[in-house]
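In my numbering, the protein residues as written are 2 to 408.
In this text, a Cβ means the ideal position worked out from N, Cα and C, and glycines have one as well.
None of these values were measured; they are calculated from a predicted model.
For reference, the structure is listed below as structure tokens.
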Ligand SMILES: *Cc1c(COP(=O)(O)O)cnc(C)c1O
Ligand SMILES: [Zn+2]
């Protein structure tokens with residue numbers, strides 16, 4: 002039986018179709034391409050019960066992934082992250098059925114590992130020897146490490162302000178790393194030039210069709226972990242929006258297979274107040290977003306002033322009766338601290354923004370008390386050591402701790 006049921010690539014804008022066994026980047030019309038599967042055929046051959054005996058990583062869904070030959074799979078065991086209940090913080094915000102999908106424990110410490118695992122595996126299958134990409138840090142780190150495992154050369158350009166640890170990951174993987182005195186959009190322009198001059202494979206967000214396939218597995222896992230039921234609401238910290246587009250795509254594929262039934266969850270795109278192009282477009286009822294000038298936020302992974310797939314994100318919000326909301330950095334840091342204090346989970350600022358959004362939307366009544374709500378924590382708090390700062394007393398070896406009554 003086929004390892005993958007991939008059939009072709011299709012353009013969501015002009016409907017052009019492409020063969021999946023050749024290298025493709027954007028459609029000739031400039032739109033990202035989406036991977037299509039032969040779901041009718043798959044439905045006859047695979048049942049969701051067939052998954053029960055499989056490995057507990059994202060490759061358990063290989064029929065719905067683009068890699069055709071299992072020998073091309075490049076894996077560090079990524080996927081099947083826990084769906085953790087959040088009883089204390091849930092009580093605090095009056096959402097009793099609050100869950101966190103915790104991507105903080107995946108290889109490289111962020112869910113970018115999913116996109117990299119599938120993207121790099123497919124690049125290997127297509128015979129790619131060298132690729133290049135701009136990044137806000139986490140994607141570059143993941144692609145550098147997975148490329149290293151695949152024996153693919155990797156050129157990465159990231160802003161000087163990107164989290165320092167992601168730099169170190171790229172260096173450790175021996176990729177060709179450059180820093181730019183600017184934003185991810187500036188890094189993108191530099192990468193576009195080297196790609197044109199050197200003919201490298203362009204692994205920029207959505208300029209290759211396969212990263213999205215890796216990220217969509219978050220949606221499949223959430224459904225499987227809830228016993229093949231969908232939650233009422235999924236909140237997603239949105240930069241390029243790849244994860245949100247992916248989750249929407251995955252849940253639609255599961256519906257076509259008959260593996261889940263009913264209404265799709267209302268999808269929520271969460272952005273930072275200092276970079277909220279999708280929120281602005283959604284509030285204005287538009288089909289695409291505008292470049293957000295001078296964007297700034299501590300939640301670096303969602304600092305994307307203009308996303309190539311913005312129209313796909315907005316479509317997913319409109320189609321699921323979802324919404325978009327922006328959060329300020331101060332509230333993000335407060336929530337990050339609160340979640341560690343209440344639940345023992347040290348999550349990344351991007352993930353914390355999704356929890357603030359849940360809180361706000363519960364206050365307005367948009368989230369109902371009995372809704373089943375899943376917030377995506379897209380990465381580990383330990384990748385951002387500077388978000389927590391407090392003076393701590395330093396003792397001499399002979400000192401005693403004065404325990405005061407307030408403690
Ligand atoms: C990249 C990133 C995001 C945003 O992901 P998109 O799918 O591109 O919107 C959110 N959180 C973290 C930690 C990230 O690294
Ligand atoms: Zn097209």
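Within the same chain, show all residues whose beta-carbon is closer than 6 Å to that of residue i, passing over the 5 residues directly before and after it, in chain order.
i	result
residue 324	269
residue 63	4
residue 408	Low confidence applies here, because residue 408 scores a pLDDT of 49, under 50, leaving its location unreliable; read the following figure in that light. Counting only Cβ-Cβ distances below 6 Å, and skipping sequence neighbours, we find nothing.
residue 1	The question about residue 1 has no answer, for the chain in this structure spans 2 to 408.
residue 71	4
residue 321	265, 267 and 268
residue 43	6 and 64
residue 77	108
residue 362	368
Which of the three DSSP states is assigned to residue i in this structure?
i	result
residue 25	coil
residue 218	helix
residue 354	helix
residue 237	strand
residue 76	coil
residue 15	coil
residue 314	helix
residue 137	coil
residue 272	strand
residue 408	Any answer about residue 408 is weak, because its pLDDT of 49 lies below 50 and its placement is not dependable; what the coordinates show is given next. Residue state, collapsed to three classes: coil.
residue 348	strand
residue 70	coil
residue 182	coil
residue 151	helix
residue 225	helix
residue 294	coil
residue 30	coil
residue 36	strand
residue 43	helix
Decide if residue i is buried, meaning its Cβ has at least 16 other Cβ atoms within 10 Å, or exposed.
i	result
residue 391	exposed
residue 220	buried
residue 2	exposed
residue 53	exposed
residue 400	exposed
residue 56	exposed
residue 404	exposed
residue 20	exposed
residue 394	exposed
residue 371	exposed
residue 160	buried
residue 412	The chain is shown only over 2 to 408; residue 412 falls outside these bounds and no answer can be derived.
residue 196	buried
residue 389	exposed
residue 194	exposed
residue 15	exposed
residue 242	buried
residue 60	buried
residue 277	buried
residue 126	buried
residue 365	exposed
Near residue i, what residues of its chain come up, given a Cβ to Cβ distance below 8 Å and the 5 sequence neighbours on each side ignored?
i	result
residue 106	82, 83 and 381
residue 10	18, 19, 20, 21, 25, 34, 35, 36, 37 and 210
Measure from the alpha carbon of residue i to the alpha carbon of each residue in the options, then state which is nearest.
i	options	result
residue 385	358, 403 and 347	347
residue 314	245, 254, 322 and 369	245
residue 141	122, 10 and 180	180
residue 299	309, 272 and 10	272
residue 50	256, 297, 260 and 287	260
residue 69	190, 23 and 186	23
residue 156	304, 306, 192 and 121	192
residue 189	305, 48 and 378	305
residue 378	48, 8, 46 and 86	86
residue 187	307, 398, 339 and 319	307
Can you list, in chain order, the residues of its chain whose CB lies under 7 Å from that of residue i, leaving out five sequence neighbours each side?
i	result
residue 12	28, 30, 32 and 34
residue 170	109, 142, 145 and 146
residue 301	137, 138, 163 and 164
residue 166	384
residue 46	2
Within 8 Å (strictly less), CB to CB, does residue i reach chain D?
i	result
residue 119	Considering every chain present, this structure includes no chain D. It has just one protein chain.
Q: Would you check if there are 3 or more beta carbon pairs closer than 8 Å linking the segment 327-335 to the segment 349-356?
A: Short answer: they touch.
Q) So does the segment 150-167 actually touch the segment 85-100, counting three or more Cβ pairs closer than 8 Å? A) No contact exists between the segment 150-167 and the segment 85-100.
Q.
Quick test of the definition: if touching needs 3 or more C-beta pairs under 8 Å, does the segment 97-107 touch the segment 255-275?
A. Short answer: they don't touch.
Q. Counting Cβ pairs, one atom from each stretch, are 3 or more of them under 8 Å apart for the segment 191-211 and the segment 126-142?
A. Yes, they touch.
Q: Determine contact between the segment 211-228 and the segment 291-298, defined as no fewer than three beta-carbon pairs at a distance below 8 Å.
A: Between the segment 211-228 and the segment 291-298 there are fewer than three inter-stretch CB-CB distances shorter than 8 Å, so the stretches are not counted as touching.
Q: Report yes or no: do three or more beta-carbon pairs, one from the segment 306-321 and one from the segment 338-346, lie closer than 8 Å?
A: Touching, no.
**Q.** Contact the segment 271-285 vs the segment 247-255: 3+ CB pairs below 8 Å
**A.** Result no; under three Cβ-Cβ pairs closer than 8 Å.
Q: Would you be able to state if there are at least three C-beta pairs under 8 Å between the segment 205-220 and the segment 112-123?
A: Contact between the segment 112-123 and the segment 205-220 is present, because at least three Cβ pairs lie under 8 Å.
Q: State whether the segment 355-364 contacts the segment 228-243, with contact taken as three or more CB pairs (one from each stretch) at a distance under 8 Å.
A: Cβ pair count under 8 Å is three or more, so yes.
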